[in-house]
Amino acid sequence: MSEPLFDRLAIIGTGLIGSSIARAARAQGAVRTIVATSHSSQTRKRIKELGIADEVAETNAEAVKGADLVVVCVPVGVCGDVAKEIGTNLKPGATVSDVGSVKGSIVRDMSPHLPKTVNFVPAHPVAGTEHSGPDAGFAELFENRWCILTPPEGTNKEAVEKLAAFWRLLGANVEVMTPDHHDLVLAITSHLPHLIAYTIVGTADELQTVTRSEVLKFSAGGFRDFTRIAASDPTMWRDIFLANKDGVLEMLGRFNEDVAALTKAIRKGDGEALFEHFTRTRAIRRGIIEAGQDTPAADFGRPHGHDD
Ligand code: NAP
9 MSEPLFDRLA IIGTGLIGSS IARAARAQGA VRTIVATSHS SQTRKRIKEL GIADEVAETN
69 AEAVKGADLV VVCVPVGVCG DVAKEIGTNL KPGATVSDVG SVKGSIVRDM SPHLPKTVNF
129 VPAHPVAGTE HSGPDAGFAE LFENRWCILT PPEGTNKEAV EKLAAFWRLL GANVEVMTPD
189 HHDLVLAITS HLPHLIAYTI VGTADELQTV TRSEVLKFSA GGFRDFTRIA ASDPTMWRDI
249 FLANKDGVLE MLGRFNEDVA ALTKAIRKGD GEALFEHFTR TRAIRRGIIE AGQDTPAADF
309 GRPHGHDD
C-alpha cells in the first residue's frame with residue numbers, strides 16, 4: 009500500500025457516493041484518518057454500525073476541523089448551505105471538493121462561502137447506481153470510471169494534481185474541464201437520458217389501453233432498462249434538473265428536433281432514414297464497449313447499475 013495522500017479526510021453526507029469514497033479511500037490507504045458525518049442521526053448511527061469511518065462527527069462544521077481534504081457528498085441543491093456551515097472551520101491549506109452531478113451551480117453556490125486560504129477543486133465521479141444511502145456504497149464503485157475535475161480559474165495546480173492522484177488511487181480515470189463544459193457534456197450523456205427514462209416510465213404508468221401488469225410482464229422488450237434509471241433518487245434528480253437548466257434545455261431542444269425527424273420518417277414509411285439512423289447509433293454502442301465503459305453482455309456487466 010502506498011503512503012497516504014492526505015492525513016485527514018472529512019466526508020460530508022455519507023450516502024452512496026460518500027460511503028463509497030470512504031470505503032475506497034480506506035481500501036487503498038489513500039488517507040490516514042476518515043471522519044464522516046451526515047444530516048440525520050439515523051444515518052450517522054448507521055455509519056458507526058458499518059464502521060466505514062474512523063470517527064463520526066455530529067455536525068458538518070465539527071467534521072471539517074483539522075481535515076486536509078473535505079469532500080461534500082450531498083444533493084446538489086444543499087451544497088451552498090453546507091459550504092456556509094463549514095466555511096469558518098476549514099483548515100488553511102485544506103482542499104475542499106464535492107461530487108455533485110452539476111458543476112456550474114455548485115461553483116456559484118459554494119465559492120462565496122469558502123475562505124481564500126483553502127483550495128476549492130470541484131469534482132464529479134461519473135459512477136453510481138440507482139441506490140441511495142450508506143449501505144448502497146462499495147469500494148469498487150469508481151474503478152475504471154471517469155472523475156471530472158472542474159477547478160475554477162486560478163486554482164492552485166498542485167492541489168488539482170493531488171486531488172487527481174487521490175481519485176486515480178480510488179481507481180478512476182481523471183479529466184479536467186471547465187464547469188460549463190462539464191454541464192453540457194453531462195446534459196447529453198446523463199441528464200437527458202434520465203429525463204427520457206422518467207418520462208417513458210411515467211407515460212407507461214398512465215396508459216389506459218395497456219394494463220400495468222402487461223407493462224411489467226413484457227418489460228424485457230426494452231422498458232425494463234428504463235425503469236432502472238427511472239428508479240434513481242428523486243431529490244438528487246430534482247436538484248440536477250433545477251441546477252443544469254440551460255444545459256438540459258439545450259440538449260432537449262436538439263432531442264425534440266430529432267424525435268420529430270424520426271416521427272416523420274415513421275409516418276412517411278421512410279425505412280431508409282430509419283435504417284441509416286439505427287446503423288449510426290449502433291456504432292456508438294460499439295464505441296462505448298471499446299472504451300471499456302460497458303460490456304457486450306445483455307444486461308449491464310457490472311453488479312451495480314449505471315453512471316450519472
Ligand atoms: P445519497 O445516497 O442520497 O446520499 C446523500 C447524503 O447526503 C445522504 O446521506 C444525506 O444524509 C446527506 N445530506 C443531505 N443533506 C445534507 C446536509 N445538509 N448535511 C449533511 N449531509 C446531508 O446520494 P448520492 O447518490 O450519494 O449523491 C450525493 C451526491 O453525489 C449528489 O450531489 C449527486 O449529484 C452526486 N452523484 C451521484 C451519483 C449517483 O449515481 N447516485 C453519481 C455521481 C454523483 P441523511 O441520510 O443523513 O439524510
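Residue 9 is where the sequence shown starts when you use my numbering, and the numbers rise one by one after that.
Cβ coordinates follow ideal geometry from the N, Cα and C atoms, glycine included.
Tell me the rounded alpha-carbon separation between residue i and residue j.
i: ALA75; j: VAL184; result: 24 Å
i: THR271; j: SER240; result: 29 Å
i: GLY136; j: ILE29; result: 12 Å
i: HIS312; j: GLU265; result: Residue placement at HIS312 cannot be trusted, given a pLDDT of 47 that sits under 50; the coordinates are not used to answer.
i: THR197; j: THR217; result: 33 Å
i: GLU166; j: GLY279; result: 55 Å
i: LYS124; j: LEU98; result: 11 Å
i: VAL209; j: LYS53; result: 35 Å
i: VAL84; j: GLY277; result: 44 Å
i: PHE283; j: ALA61; result: 53 Å
i: GLY309; j: ARG232; result: The predicted model places GLY309 with a pLDDT of 38, which falls under 50 and marks its position as unreliable; any figure quoted below should be read in that light. When rounded, the distance between both Cα atoms is 15 Å.
i: GLY179; j: LEU171; result: 13 Å
i: PRO100; j: THR67; result: 20 Å
i: VAL267; j: VAL126; result: 47 Å
i: GLU138; j: THR243; result: 12 Å
i: THR41; j: LEU224; result: 47 Å
i: SER10; j: THR51; result: 31 Å
i: PHE222; j: ARG34; result: Sequence inspection shows Glu at residue 222; the Phe mentioned does not correspond to that position. When rounded, the distance between both Cα atoms is 46 Å.
i: GLY145; j: ARG275; result: 46 Å
i: ALA269; j: GLY261; result: 13 Å
i: GLU214; j: THR207; result: 11 Å
i: ARG293; j: ALA305; result: 12 Å
i: GLY229; j: THR287; result: 19 Å
Could you check where the beta strand (DSSP E) with residue i kicks off and where it finishes?
i: LEU77; result: 77-80
i: SER109; result: It is not in any beta strand (DSSP E) - SER109 carries neither H nor E in the DSSP assignment.
i: ILE19; result: 14-20
i: VAL184; result: 181-184
i: VAL43; result: 39-45
i: ILE196; result: Looking at the DSSP string, ILE196 is not in any beta strand (DSSP E), and its letter there is neither H nor E.
i: ILE156; result: 154-157
i: HIS121; result: Counting along the chain, HIS121 falls outside any beta strand (DSSP E), and DSSP gives it neither H nor E.
i: HIS132; result: 131-134
Do residue i and residue j have their CB atoms nearer than 8 Å?
i: MET259; j: ALA195; result: yes
i: VAL78; j: VAL86; result: no
i: GLY95; j: ASP117; result: no
i: GLY23; j: SER140; result: yes
i: VAL168; j: ARG176; result: no
i: ALA173; j: LEU157; result: no
i: ALA32; j: PHE128; result: no
i: ASN252; j: HIS189; result: no
i: TRP245; j: HIS285; result: no
i: ILE297; j: THR289; result: no
i: PRO133; j: VAL104; result: no
i: LEU192; j: GLY255; result: yes
i: ILE1; j: SER46; result: The structure shown has nothing for residue 1, since the chain only spans 9 to 316.
i: THR219; j: SER227; result: no
i: GLU93; j: ALA69; result: yes
If you follow the alpha helix (DSSP H) that residue i is part of, which residue opens it and which one closes it?
i: SER27; result: 24-36
i: ILE94; result: 87-94
i: ALA71; result: 68-71
i: THR211; result: 200-213
i: ALA269; result: 253-276
i: GLU166; result: 165-177
i: GLU57; result: 49-58
i: SER221; result: 220-225
i: HIS285; result: 279-298
i: ALA238; result: 231-238
Can you give the beta carbon distance from residue i to residue j, rounded, assuming they're within the 8 Å contact cut?
i: LEU13; j: VAL39; result: 7 Å
i: CYS81; j: GLY26; result: 3 Å
i: ALA91; j: HIS121; result: 4 Å
i: ALA273; j: ALA281; result: 4 Å
i: ILE237; j: ALA205; result: 4 Å
i: ASN152; j: GLY300; result: 6 Å
Please identify the residue among the options whose C-alpha is closest to the C-alpha of residue i.
i: GLU57; options: ILE19, ALA33, ASP143 and GLY112; result: ASP143
i: PRO187; options: ASP106, ARG246, LYS111 and GLY279; result: LYS111
i: ARG16; options: GLU63, SER48 and GLY277; result: GLU63
i: ALA18; options: GLN50, ALA102 and SER48; result: ALA102
i: PRO159; options: VAL115, ALA180 and GLU138; result: VAL115
i: SER119; options: GLY162, ARG153, TRP154 and LEU250; result: GLY162
i: CYS155; options: GLY229, SER109 and ALA269; result: SER109
i: SER113; options: LEU257, ARG34, LEU250 and GLY261; result: LEU250
Do residue i and the ligand NAD come close, with the Cβ less than 7 Å from some heavy atom?
i: MET185; result: No copy of the ligand NAD occurs in the structure displayed; its ligands are the ligand NAP alone.
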